[in-house]
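Chemist: Residue numbers (this note's numbering): 1 to 354. One structure, as structure tokens, below. Some questions next.
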């Protein structure tokens, strides 16, 4: 309640300041707006009362007054920044610690720890929509009275939000490309979307059923590992086959994996595993883990005759493709080369059939 009251005070201050600043810009102080009749709460808002007083009676020095009004607005808006994102919230909420936060930011924070980001004291996970704060922020931004550095990120996220909503409507109307975009954003938490693997799967499925090869590849992987849906190797095989037939490398990689571990009801087939790994590698899709495994297949003659030259090539590719998630396989590739007296990198040249 105290924060809500402070928000109302801030809104009143802003209204006075913007009206006064507009008059300053136009040089028409004779058209001053009448003072608001509602009194400001007395307790705890001395700073607000001081700023309101500044806005009520302008100084003869217009330039000086303009700076003072700007400072008053800046000071008020700083109090509305989300403590986590340090930006104006698009969807402000009150948390149990009495502070205003961006909804997604405080929900992600609370999912990991039940302490206030501001006070570090224990707090619950309940949040309440700060509707008056949201309306006030929108009015302040749309008035163009705030410095650009205060609202640049907010405007960018509003544009992003509008783009997401437009894409969502198109996806719900059956557009496969839009459905795939929504799936990617929801899966990774991009474009301001809250991560939701279940919804991401649903949009992937919608795009796949509409014939999108990339969505088919993502769908088969989701079924294979149980991401956003229950694990189902039979459906993974079905969608992997469809995706691979349309040239999607993720579908090829899933087929290779299913053949390697033994498809549903069928024994493992190293020949088919090797075949589909090579096809996926030609699309530059495999990460260091998969490249190391493919190199091992060449070195050990799994699904193909032993080919140490190609094993060496794939080990170096595994090193070059290294990432934080695949460091262990990069080190294994280095160790494999070192054990044979081979350097980890000898340039980018590779056999013509790679």
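C-beta: ideal position from N, C-alpha, C; glycine also. All of these numbers come straight from a predicted model, not from anything done at the bench.
1. Work out the CA separation of residue 89 and residue 79 for me, nearest whole Å.
2. Name the residue from 198, 180, 199 and 186 whose alpha carbon lies nearest to the alpha carbon of residue 217.
3. Quick check on DSSP: helix, strand or coil for residue 128?
4. If you check the beta carbons only, do residue 243 and residue 258 fall under 8 Å apart?
5. Between residue 176 and residue 200, which are expected to be in contact by the criterion C-beta below 8 Å, what is the C-beta distance as a whole number of angstroms?
6. Out of 234, 230, 213 and 233, which has the shortest C-alpha to C-alpha gap to residue 398?
7. Give me the Cβ distance between residue 84 and residue 105, rounded to the nearest whole Å; I'm assuming they're in contact under 8 Å.
8. Checking the sheet assignment: what are the DSSP bridge partners for residue 101?
9. Check whether the region 137–152 and the region 115–127 touch, using three or more Cβ-Cβ pairs below 8 Å as the test.
10. Taking the alpha helix (DSSP H) that residue 272 falls in, what are its first and last residues?
11. Using the rule of at least 16 other Cβ atoms within 10 Å of the residue's Cβ for burial, across every protein chain shown, is residue 116 buried or exposed?
12. Compute the distance between the beta-carbons of residue 256 and residue 236, then report whether it is under 8 Å.
13. So, helix, strand or coil for residue 122, using DSSP?
14. Can you find the residues in the same chain that come closer than 6 Å, C-beta to C-beta, to residue 47, ignoring five residues on each side of it along the sequence?
15. Cβ of residue 355 within 8 Å of Cβ of residue 345?
16. In whole angstroms, what separates the C-alpha of residue 359 from that of residue 91?
17. Which word fits residue 308, buried or exposed, when buried means at least 16 other C-beta atoms lie within 10 angstroms of its C-beta?
18. Would residue 194 be called buried (16 or more neighbouring beta carbons within 10 Å of its own) or exposed?
19. Taking Cβ positions, are residue 321 and residue 291 nearer each other than 8 Å?
20. Tell me whether residue 278 is buried or exposed, calling it buried when 16 or more other Cβ atoms sit within 10 Å of its Cβ.
21. For residue 224 and residue 254, what's the separation of their Cα atoms in angstroms?
22. Kindly list the residues whose CB is nearer than 7 Å to the CB of residue 264, restricted to its own chain and excluding five residues on each side of it in sequence; keep chain order.
23. Rounded C-beta distance between residue 314 and residue 328? I'm assuming under 8 Å.
24. If you check the beta carbons only, do residue 270 and residue 302 fall under 8 Å apart?
25. Closer than 6 Å by C-beta to residue 110: which residues in its own chain qualify, once you throw out the five before and the five after it? Chain order, please.
Modeler: From the atom records:
1. As a working note, residue 79 is residue 79 in the chain shown. As a working note, residue 89 is residue 89 in the chain shown. Answer to the nearest angstrom: the Cα atoms are 12 Å apart.
2. As a working note, residue 217 is residue 217 in the chain shown. When each option's Cα is compared against that of residue 217, the closest is 180.
3. If you number the chain shown from 1, residue 128 lands on position 128. Correct three-state label for residue 128: strand.
4. Translated into the one-based positions of the chain shown, residue 243 becomes position 243. Translated into the one-based positions of the chain shown, residue 258 becomes position 258. Going by C-beta atoms, residue 243 is not nearer than 8 Å to residue 258.
5. On the chain shown, position 176 is the one that residue 176 refers to. On the chain shown, position 200 is the one that residue 200 refers to. With 8 Å as the limit, residue 176 and residue 200 do not qualify as a contact, their Cβ atoms being about 15 Å apart.
6. The requested residue 398 is not part of the displayed model; the chain covers only 1 to 354.
7. Within the chain shown, numbered from 1, the residue matching residue 84 stands at position 84. Within the chain shown, numbered from 1, the residue matching residue 105 stands at position 105. Indeed they touch by this definition, with Cβ atoms about 4 Å apart.
8. Along the chain shown, one-based indexing puts residue 101 at 101. Residue 101 is bridged to 93.
9. no
10. Counting from one through the chain shown, the residue named residue 272 turns up at place 272. Start and end: 270–282.
11. Translated into positions along the chain shown, residue 116 becomes position 116. Counting Cβ neighbours within 10 Å, residue 116 comes out buried, since at least 16 surround it.
12. Here the question's residue 256 lines up with position 256 in the chain shown. Here the question's residue 236 lines up with position 236 in the chain shown. For residue 256 and residue 236, no; Cβs fall outside 8 Å.
13. The count along the chain shown starts at 1 and reaches residue 122 at position 122. Of the three classes helix, strand and coil, the one that applies to residue 122 here is strand, per DSSP.
14. The residue you call residue 47 lines up with position 47 of the chain shown. In this prediction, residue 47 has a pLDDT of 38, which is less than 50 and means its spatial position is unreliable; what the coordinates show is noted afterwards. Within the same chain, residue 47 has no close Cβ partners at all.
15. No answer is possible for residue 355: it lies beyond the span of the chain, which begins at 1 and ends at 354.
16. Residue 359 lies beyond the stretch modelled for the chain, which goes from 1 to 354, so this question has no answer here.
17. Here residue 308 is taken as the residue at index 308 of the chain shown, counted from 1. Counting Cβ neighbours within 10 Å, residue 308 comes out exposed, since fewer than 16 surround it.
18. The residue given as residue 194 occupies position 194 in the chain shown. By the 10 Å Cβ count, residue 194 comes out exposed.
19. As a position in the chain shown, residue 321 is number 321, starting the count at 1. As a position in the chain shown, residue 291 is number 291, starting the count at 1. Yes.
20. Counted from its first residue, the chain shown places residue 278 at position 278. Looking at its Cβ environment, which holds 16 or more other Cβ atoms inside 10 Å, residue 278 is buried.
21. For this step, residue 224 is matched to residue 224 along the chain shown. For this step, residue 254 is matched to residue 254 along the chain shown. The straight-line gap from Cα to Cα measures roughly 8 Å.
22. Residue numbering aside, residue 264 sits at position 264 when the chain shown is read from its first letter. Around residue 264: 233, 234 and 237.
23. Counting from one through the chain shown, the residue named residue 314 turns up at place 314. Counting from one through the chain shown, the residue named residue 328 turns up at place 328. Between residue 328 and residue 314 the Cβ distance is about 16 Å, and since that is not below 8 Å, they are no contact.
24. Working through the chain shown from its first residue, we reach residue 270 at position 270. Working through the chain shown from its first residue, we reach residue 302 at position 302. Cβ distance < 8 Å, so residue 270 and residue 302 count as in contact.
25. The residue labelled residue 110 in the question sits at position 110 within the chain shown. Answer for residue 110: 125, listed in chain order.
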